[in-house]
Amino acid sequence: MAKYKPYNYDQLVMLPISLQNQLDPGTLEYTINELVERYIDLSVFEERYQNDETGATAINPRVLLKVILFAYSRGMVSSRQIERACDENILFMALSCGYRPDHSTLAHFISSMQKEIESIFGNILLVCAELDLLGGTHFSLDGVKLSSNASKEWSGTFKELEKKRDKLQGKLRQVIAEHIHEDGLGGPETEKHQKQKKRLQHQVERLSEFLQEQKPKIGKGRREIQSNVTDNQSAKMPTSHGVIQGYNAQALVDAKHQIIVHAEAFSSQDHENLAPMMTGAKKNMRAAGKGENYFEGRQLSADSNYHCLANLALCQAQGLDAYIPDLQFRKRDERFARQQRFKDGIHPRQRVGKQENRKEGIFTKADFLFDEAEQAYRCPQGKLLKCGARGQLNRYRVYDIYRARQEDCATCRLRLRCLSGPSTPRRYLSVRVDVQKLNLIDEMKARIDTPQGKQIYARRLAIVEPVFANICVQKRLDRFTLRTKDKVDVQWRLFALVHNIGKIHTYGLVN
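Using the numbering used here, you'd call the opening residue of the sequence shown number 4 and step up by one each time.
Encoded structure:
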């Protein structure tokens, strides 16, 4: 007969554990502990605590910060998951010194760090500078679009949201009517009907409250853009995997060791974020002990999504040696000459459609004559199109926009040959303006097309893309769990901090 060792779950076992011995030198948790204890100034947190005379004692911010940074390095974003780790994982116990912070304490600490996160980020950059991890010669800028803690199904213009509310109200009335009918027949209200009615009432109240308290969001061109009931500061953004409701997380990366010198989340497209990113980077570098003109004369690379006249002018004004290609730069590159998609700038799937959709007989710009006396254009019927605005179209071209009167177009017998559609009210004519700053476009094209420019721009892929791979794949940040721009920005910067701390750990922390 087999013999087994006895076991008894009622017995008591005393396990002597030294928390300090759990943080072995050479591990990431040891590096995080050393950085937070010795190199990060957390006095900025003191003013938020008002318990010096009355009130309970609070968990030290150093303990909370260590736990959060280590959790993010493990891909743990949920505050409940972090709370459970502090109760079960010996490494989290060691970093928290045996405390078990509640999930609400952790969540509040993260979401309220808008002021303190800048100081912490600057302290880490100062350590990077002391360890000579910053090259300071080439910087790359890029962004990654991540979903927010909000559904795009709750997005729309105010008119669309009102229509959605009315539809839900109609459905609610229908559910109530069905309940009254069943009640008249003597049948009890089912649990399913109760839950459905409660859910519809909550949705209607939520939409009504949003429409009453908020105002429509006006975008460029003075047109209303879609709002979101859950997180109105997030935005719909196109990605390679479809349209998401989220934020555009930006990172400016130093080329030497891929240190993030500034990270910030936006709800706008890439070309609108260069200016605020450079402003934030300068502020961070000042905190790291660098001069005011630290970026002057440095190389800056960014993809074609950042190419616009305003960004090129900004780079010139700040003395940046920028390499930001236009949208057609690969079409001019002989290395891509054999690829069909770059031969004429049209994707193969769109080429047939574009040729089939061309309208014949439509008046073009050549059919409109410029009247010097009126400083306006005349259409083939002799009506004037006067200049109504000057705008920047296609992100890098400046145009004067001439428009006809609606009365003239409404009665014109040639409107079908002039207007883009039957419901179009008037004809517009865009005429490119030759301003001095447009030379920046040609200068950037010439710089990118040189062998040296191609070589410098090619470095961008190896500088900034691995950073996003580390954060989004290795650290598993695939969506933001917080709402509003300020809180999402804190979460993104915390992940950028974890990335930089990982670099410090890899290249050696001075003990």
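All C-beta atoms, glycine included, are put in the ideal place defined by N, C-alpha and C. The model shown is predicted, which means the values in this text are computed figures rather than measured ones.
Rounded to the nearest whole angstrom, the CA to CA distance from GLN197 to TRP157 is 23 Å.
Exposed is the label assigned to GLN477, since fewer than 16 other Cβ atoms lie within 10 Å of its Cβ.
Separation of HIS106 and LEU26 (C-alpha to C-alpha, rounded to the nearest whole angstrom) is 24 Å. Checking the DSSP bridge columns, you'll see HIS141 partnered with GLN302.
Two segments are said to touch when three or more pairs of C-beta atoms, one from each, lie closer than 8 Å; by this definition the stretch 447-461 does not touch the stretch 220-236. The beta carbon of ARG103 sits closer than 6 Å to the beta carbons of CYS89, ASP90 from its chain, once the five residues preceding and following it are set aside; these are given in chain order.
For the pair LEU443 and LEU277, the CB atoms are not nearer than the 8 Å cut-off.
Within the same chain, Cβ atoms closer than 8 Å to the Cβ of PRO219 are found at THR160, PHE161, GLU227, SER230, the five residues on either side in sequence being excluded. Residue burial is scored here from C-beta neighbours: MET281 has at least 16 other C-beta atoms within 10 angstroms and is therefore classed as buried. For ARG381, the uninterrupted beta strand (DSSP E) run begins and ends at 379-381, by DSSP. Spatial neighbours of HIS260 in its own chain (CB-CB distance under 7 Å, excluding positions within 5 residues in sequence) are listed in chain order as LEU136, LYS506, TYR510.
For TYR326, the uninterrupted beta strand (DSSP E) run begins and ends at 324-326, by DSSP. Of the other Cβ atoms in all chains shown, 16 or more fall within 10 Å of the Cβ of LYS69; this residue is therefore buried.
Beta-bridge analysis with DSSP links GLN253 to GLY146, GLU267.
In the three-state reduction of the DSSP assignment, VAL66 falls in the helix class. For the stretch 392-459, the full-length beta strand (DSSP E) segments reaching 3 residues or more read 400-406, 431-435 along the chain. Collapsing the DSSP output to three states places SER99 in coil. Straight across, the Cα-Cα distance linking ARG435 with LEU330 is about 18 Å.
Note on geometry: alpha-carbon atoms of ALA132 and ALA291 lie some 7 Å from one another. By the neighbour-count criterion, in which a residue is buried when 16 or more other Cβ atoms sit within 10 angstroms of its Cβ, ASN54 is exposed.
Bounds of the beta strand (DSSP E) holding LYS239 are 238-242.
In this structure, DSSP gives CYS311 a state outside helix and strand, which the three-state scheme calls coil. 8 Å or more divides the Cβ of VAL147 from the Cβ of PHE483. A residue is called buried when at least 16 other Cβ atoms come within 10 angstroms of its Cβ; ILE183 does not meet this threshold and is exposed. In the three-state DSSP reduction, PHE371 falls in the coil class, being neither helix nor strand.
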